[in-house]
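Asks:
Numbering (the numbering used here), first residue to last: 777 to 980.
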């Protein structure tokens with residue numbers, strides 16, 4: 777999946793193929809958000825004007841690189857988790873073991889998008905700080921990163937919920953939904969606030 781060209785990835789996403797779907801595309805958007813955060817750090821380190829933040833910027837750089845790689849890995853994880861579910865949907869609902877197989881597939885398919893949400897929340901946290909201490913010449917990219925993270929967060933959230941709504945283990949489903957709701961509510965607002973902060977810094 778990761779070796780596909782951008783053209784091929786988008787063509788396959790546009791097709792009837794089960795993957796890449798909303799989860800994989802959300803992971804890609806999250807990885808792009810992390811890459812922009814990392815770019816801001818690369819354009820800030822070594823600048824005298826930001827020397828007081830050098831160590832912090834380098835820490836953010838390292839974390840952004842980690843998140844970029846983790847989110848790219850989530851493209852594969854989401855595809856691997858969804859493939860069995862897509863196959864299960866085609867089975868006879870009255871066949872032996874269908875309910876148990878479907879439940880397992882739904883639970884497994886809900887995990888990668890929740891992980892994507894967690895990583896996107898981390899990216900947004902980095903963007904918040906970069907909006908303050910990143911080079912002003914690149915701060916627009918921190919705002920862009922926050923908005924990509926915002927979109928990826930929402931896309932991943934929907935891919936959690938589309939699976940948990942069908943799970944028979946309601947206790948497990950509701951726990952995951954509550955965690956996803958908390959992430960969505962908190963980091964949606966934080967991403968939007970980051971965008972506003974970047975805009976104010978540009979305007980100022």
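Every residue gets a Cβ at the ideal spot worked out from N, C-alpha and C, and that includes glycine. Only a predicted model underlies this, so the values are computations on that prediction, with no experimental measurement involved.
Give the secondary structure of residue 888 by DSSP, where H, G and I count as helix, E and B as strand, and everything else as coil.
Replies: Of the three classes helix, strand and coil, the one that applies to residue 888 here is helix, per DSSP.
Asks: Between residue 844 and residue 810, how many whole angstroms is the CB-CB distance? I'm expecting something under 8 Å.
Replies: That belief holds up - the Cβ atoms of residue 844 and residue 810 are roughly 4 Å apart, short of 8 Å.
Asks: So residue 786 is in the alpha helix (DSSP H); what residue range does that whole segment cover?
Replies: Segment 782 to 790, the alpha helix (DSSP H) holding residue 786.
Asks: For residue 847 versus residue 917, is the C-beta distance shorter than 8 Å?
Replies: Going by C-beta atoms, residue 847 is not nearer than 8 Å to residue 917.
Asks: Express the C-alpha separation of residue 797 and residue 954 in angstroms, rounding to a whole number.
Replies: Taking the straight line joining both Cα atoms gives about 23 Å.
Asks: Please report the distance separating the alpha-carbon of residue 853 from that of residue 977.
Replies: When rounded, the distance between both Cα atoms is 38 Å.
Asks: Do the CB positions of residue 927 and residue 903 come within less than 8 Å of each other?
Replies: For residue 927 and residue 903, no; Cβs fall outside 8 Å.
Asks: Return the first residue and the last residue of the alpha helix (DSSP H) that residue 815 is part of.
Replies: Unbroken alpha helix (DSSP H) run through residue 815: 798 to 818.
Asks: With a CB to CB cut of under 8 Å and the five nearest residues on each side skipped, what residues in its chain are close to residue 757?
Replies: Any answer about residue 757 is impossible in this case: the structure gives the chain only from 777 up to 980.
Asks: How would you label residue 787, buried or exposed, when you count the other beta carbons within 10 angstroms and need 16 or more for buried?
Replies: So residue 787 counts as exposed.
Asks: Near residue 789, what residues of its chain come up, given a Cβ to Cβ distance below 8 Å and the 5 sequence neighbours on each side ignored?
Replies: These residues qualify, in order along the chain: 796, 797, 800 and 801.
Asks: Alpha carbons only, please: which of 888, 959, 971 and 980 is nearest the one belonging to residue 803?
Replies: Nearest option by C-alpha distance: 888.
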